[in-house]
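Count the sequence shown with mature numbering (1 follows the signal peptide of the UniProt record, and there is no 0) and you get residues -19 to -1, 1 to 617, in order. For every residue, glycine included, the Cβ atom is placed at its ideal position computed from N, Cα and C. Heads up: the structure comes next, in structure tokens.
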Amino acid sequence: MRLFNAFATALGLAGLAQAHMEMTYPPPFKSKYNPNAGQDIDYSMTSPLNGDGSNFPCKGYNSLFGTAAGAPTATWQAGKSYSISIAGGADHGGGSCQASLSFDRGKTWVVIQSWIGNCPKAPTSNFQFTLPVDTPAGEALFAWTWFNKIGNREMYMNCAAITVKAGSGTPKTPLKKRPAMFVANVGKGCGTTEMVDLMFPNPGPDVSLTSTNTGPPVGQCPAGPGVQYPSASPSPTKTTTTKKPTTTKPPVKSTAPGGVFITVPSTTKKTTLKSTTRKTTSTTTPVKPAPTKPAAGVIAPGTACKPEGYWNCIKTGTAFQRCASGTCIINIVMERMRPESALRFKTDRSRYPIPNDDAEQNRDDMKHAMMLELTNGNLFFSPIIENPQKIIDLATGTGIWAIDVADKFPSASVTGVDLSPIQPSWVPPNLKFLVDDIEDEWMHGGDFDFVHMRCISPWLKDEVKVLRQAHEYAHPSSPPASHLTCNRHMKPGAWIEIQELDARANCDDGSLAPDAPLAKFFDTAEQAVASFGMKFRAGENLREPLEKAGFTNVSCKVLKVPIGTWAKDKKLRLIGLYLKTAVNDMFGAMAAKPLRKILGPEEIEVFLADARKDLNNVNIHSYEKYYFWMGQKAAE
């Protein structure tokens, strides 16, 4: 009997070992393939992470980093290509995987490669990647993560310690600009959908796409740019001395440090704090920017404070202050939001009918990644001066464009303006974010060399007013004589660029009929947002508004963006997958509020189901147009 039980146990363990898939190279912590594991073997290495996330990351084995049992099992040189090996008996239809690195023992992760579709494949498969050339030398954690296509919604994660040798050369995409590891199905409110390969919201610049059947994540999924990393990999035995990246630490003496929200530039007098007096009409409870307890009373600006990043809620939660660089920053009016079907919308003042939730933020970041692929990495096309000193991004959203342009021009002062404080805290030191409505009186400073706007024109009540304010003066209704006494907002010769998708399903070969569900969706969406006083396709022709605002040398560059993966070119297929995923997410955003103006709940459900069929049909060759409008302020 004992022999039978032992035999059965052995069979059970063998079956468990072959149940799913595991990384065999580099050998993970506690793996039977790891020579450092000794007798401490995890025979359930192929099992997923706990559904409640209690053993994330690395099944808890990242605690071995720096010990004998957690010694590195691979030595790689930055800039070189390597392969990871995956083995097992059940690949659950494949799915999507990522390779990521951590330099702080697993607290944060940065993606270096994404595989969308057919990852992994039983019984064994190898996946190639290139270790970024700017990966810091030293020891680091390497992780393989997998989201299976078929079966229970799970996340798999194997981790190993590696040694990185320094490389040489200039990275095409700096490591600090790569996205964070995608995390789902571990009790964080973010999940994946069965029977489709996960389309990561931001897969990063190095992507292998082998699937035409993809779908976005669902639920409250994290948004925003990637994590930061140290200039050198921390020593496993001296974790208390790990330094934060010098490129993101706010300067101690600055009154307008990067990474915090302020209401006005540091050169503006406190008596002109417009954002401390503006009021909203909403009476619902505001969403707090961070889960901190409100302090009693107002802390005088400049008062010493701690901990760094602490939010002080004042006026019963209608405003807040923040601790930055050891001192308290001036008051900021809190952005009031109200729940609607578990979604967040911007204030009533904004007239913005699209949810401002995590899914919408993911969609904005995905469109940014798509734009970079489409433009070969160009953030803009305007012929601005070589070394701009001041740049502003109006309606910055998650701030991802502003972050990239601040990295591109480290000597420039970059400002991002948006209604909601949804941008990340750690940003380049030359970047600041302002909480304000760009349709209100201009409070954003002046003498800008470059003004940028993206995907905002349809939502503006008066785009000419906004453009006029950017061009020269704060009060477009004032008589011309008074313009000479106003602050100039753009330098003579400065450029403005507006980037807009046309929100229309175009087709050149007749594969999409004018009355097809996908075409009807865009037409119906146009009618729906019109009920809010908005022009869904305002981006199609911005020449007249730009010229009315006083800009000269107005021109437009138009690029076609495929909707879906029907294009033959590999790069266009990836771009099309980005847009397809963004459009699919847009279905839900439009259903949350705008479509309710003209359709009932059941009608919306059927209407969008038909549109999704068209969206997933690779025989339909539809595309959107991406407009890049440019205008220049005349030289004086």
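In this structure, ARG435 is the residue among ARG435, PRO391, LEU580 with its C-alpha nearest to the C-alpha of ASP346.
Residue pairing by DSSP places VAL188 opposite SER95 in a beta bridge.
Here GLN20 is exposed, its C-beta having fewer than 16 other C-beta atoms within 10 Å. Selection PRO409, SER406, GLY514, CYS488 evaluated against ASP443 yields GLY514 as nearest (Cα-Cα). One thing to note: VAL145 has its Cβ no nearer than 8 Å to the Cβ of GLY185.
Shown here for GLY612: same chain residues with a beta carbon closer than 6 Å to its own, the five before and five after excluded, namely ILE477, LEU527, PHE532, VAL535 in chain order. Secondary structure remark: continuous alpha helix (DSSP H) runs of at least 4 residues inside the region 533 to 598, in chain order: 551 to 573, 582 to 596. Closest in C-alpha terms to ILE419, from the list ASP399, GLY426, PHE429, comes ASP399. Counted as a single uninterrupted DSSP element, the alpha helix (DSSP H) harbouring GLN450 occupies residues 444 to 452. LEU360 is not a Cβ neighbour of ILE384, given a cutoff of 8 Å. Note on geometry: alpha-carbon atoms of PHE37 and CYS171 lie some 14 Å from one another. Taking C-alpha positions only, ASN31 is separated from ILE93 by approximately 24 Å. Boundaries of the alpha helix (DSSP H) harbouring ASP504: 498 to 511, taken from the DSSP string. Here DSSP, grouped into helix, strand and coil, assigns ILE65 to strand. Taking each of LYS561, TRP57, PHE588 in turn and checking the Cα distance to ARG344, the smallest one comes out for LYS561. Taking all protein chains shown into account, THR56 has fewer than 16 neighbouring C-beta atoms within 10 Å of its C-beta and is therefore exposed. Looking at ARG554, LEU523, LYS594, the one whose alpha-carbon comes closest to that of TYR608 is LEU523. Assigned with DSSP and collapsed to three states, ALA530 falls in coil, not helix or strand. Spanning the alpha carbons of PHE517 and ARG485 requires a straight line of approximately 9 Å.
Distance from the Cα of SER12 is smallest, within the candidate group GLY397, ASN194, PRO53, for PRO53.
If you look at TRP382, you'll find it in the alpha helix (DSSP H) that goes 381 to 389. Taken through DSSP and simplified to helix, strand or coil, GLY41 comes out as helix.
In this structure, TYR604 places its C-beta atom within 8 Å of the C-beta atom of ASN487. Non-local C-beta neighbours of ILE437 in its own chain, meaning closer than 6 Å and more than five positions away in sequence, comprise ALA376, ordered along the chain. In summary, ILE366 is exposed, with fewer than 16 beta-carbon neighbours lying within 10 Å of its beta-carbon over all protein chains present.
In the three-state reduction of the DSSP assignment, ALA350 falls in the helix class, which pools H, G and I.
In this structure, TRP610 is the residue among TRP90, VAL386, TRP610 with its C-alpha nearest to the C-alpha of ALA519. Around the Cβ of ILE22, a 10 Å sphere holds fewer than 16 other Cβ atoms; the residue is exposed.
Excluding five sequence positions before and after LYS371, the CB atoms of its chain that fall closer than 7 Å to its own CB belong to ALA393, SER394, ASP428, PHE429, ASP430, given in chain order. Excluding sequence positions up to five before and after ASP483, its CB lies within less than 7 Å of the CB of ARG518, GLY520, GLU521, GLU605, LYS606, TYR608, all in the same chain and listed in chain order. Beta-bridge partners assigned by DSSP to GLU120: THR144. In the three-state reduction of the DSSP assignment, GLN404 falls in the coil class, being assigned neither a helical nor a strand state. Comparing alpha-carbon positions, the option among ASN133, THR116, LYS61 lying closest to GLY76 turns out to be ASN133. The closest CA to that of SER492, considering only VAL599, GLN79, ALA592, is found on VAL599. Taking a contact to require three or more Cβ pairs closer than 8 Å, the region 97 to 107 and the region 145 to 159 do not qualify as touching.
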